[in-house]
Ligand code: SF4
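Residue numbers (my numbering): 746 to 988.
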């Protein structure tokens, strides 16, 4: 049965999916959905803002940049239907946080435990680059989402954009810039910020530019997730993925 928190997150998801606050991103997400990539020409793209997804009682939150044009903007679920998602959900499965190692479509049976996956900007941006005003316009959705996810203790920031967005988010929920240390801590893979209500941990984004070049390997993300789980006081045995 869906918990009260789960119901509220579903209501938020339907509100998010109707947002049209950023004219440039609305035009782009819908153009991509109309034109489609040849490999997906017979599919109906989602073409709307993509809500967060996961366990309403999560202690870990994974924060990405924005939906990929032919990934989440096509399937309607974060990191679903592209190589970044294959890499990320494979890691979540090995860490015991996902019920299966792949994420192909909404309704594919994937369930997450102790983790919520979302992005700083909820609409696919051209060239994966949201404008600062678009990032700021999307922040209130993150504030409401985090407000409902009251068990979250650790935010895994997938890339420098997400790290910066998480600092803004912490400032927004914690009463302003004074909630942040000075100087602002910089993003690095493995960087940790502790001391407030939320711990932040930086992780290279699981984009193909990073995973195909070996900048981010499976063992690197596995180690980072184990660190995040320890910070969230969620020890668990990783899956044996050898069989
Ligand atoms: S990026 Fe965020 S604020 Fe802008 S249209 Fe999409 S959901 Fe709305």
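Virtual Cβ for every residue (Gly too), placed ideally from N, Cα, C.
The model shown is predicted, which means the values in this text are computed figures rather than measured ones.
What separation, rounded to the nearest whole angstrom, lies between the Cα atoms of residue i and residue j?
i: residue 925; j: residue 914; result: 10 Å
i: residue 836; j: residue 847; result: 10 Å
i: residue 966; j: residue 805; result: 14 Å
i: residue 749; j: residue 763; result: 22 Å
i: residue 919; j: residue 873; result: 28 Å
i: residue 891; j: residue 907; result: 14 Å
i: residue 988; j: residue 751; result: A caution first: residue 988 carries a pLDDT of 42, below 50, which makes its placement in the model too unreliable to give a value.
i: residue 1020; j: residue 937; result: Given a span of 746 to 988 for the chain in the structure shown, any question on residue 1020 remains unanswerable.
i: residue 935; j: residue 978; result: 17 Å
i: residue 807; j: residue 782; result: 27 Å
i: residue 887; j: residue 959; result: 31 Å
i: residue 785; j: residue 779; result: 11 Å
i: residue 774; j: residue 818; result: 7 Å
i: residue 923; j: residue 931; result: 17 Å
i: residue 772; j: residue 765; result: 9 Å
i: residue 964; j: residue 957; result: 14 Å
Using 8 Å as the threshold, is the C-beta distance between residue i and residue j below it?
i: residue 796; j: residue 761; result: yes
i: residue 870; j: residue 770; result: yes
i: residue 828; j: residue 953; result: yes
i: residue 889; j: residue 866; result: no
i: residue 799; j: residue 816; result: no
i: residue 809; j: residue 758; result: no
i: residue 767; j: residue 927; result: no
i: residue 884; j: residue 860; result: no
Give every residue of the same chain whose Cβ lies closer than 8 Å to the Cβ of residue i, excluding the five residues on either side of it in the sequence, and list them in chain order.
i: residue 820; result: 791, 826, 849, 850, 851
i: residue 844; result: 838, 854, 855, 856, 857, 858
i: residue 929; result: 912
i: residue 896; result: 802, 803, 804
i: residue 1021; result: Residue 1021 cannot be examined here, being either before or after the span of the chain that is shown, 746 to 988.
i: residue 940; result: 926
Quick check: does the Cβ of residue i come within less than 7 Å of any heavy atom belonging to the ligand SF4?
i: residue 882; result: yes
i: residue 801; result: no
i: residue 777; result: no
i: residue 794; result: yes
i: residue 886; result: yes
i: residue 876; result: no
i: residue 862; result: no
i: residue 810; result: no
Tell me which residues share the same chain as residue i and place their Cβ nearer than 6 Å to its Cβ, disregarding the 5 neighbours each side in the sequence.
i: residue 950; result: 903, 904
i: residue 793; result: 762
i: residue 814; result: 777, 869
i: residue 822; result: 798, 851
i: residue 787; result: none
i: residue 976; result: 899, 944
Considering only residues of the same chain and omitting the five flanking positions on each side of residue i, which have a CB-CB separation below 7 Å?
i: residue 961; result: 949, 951, 955
i: residue 833; result: 824, 951
i: residue 933; result: 947
i: residue 910; result: 808, 865, 880
i: residue 862; result: 797, 798, 799, 807, 823, 824
i: residue 753; result: 893
i: residue 916; result: 922, 924, 925
Flag residue i as yes if its beta-carbon sits less than 8 Å from any beta-carbon of chain D, otherwise no.
i: residue 847; result: Among the protein chains of the structure shown there is no chain D, as only one such chain exists.
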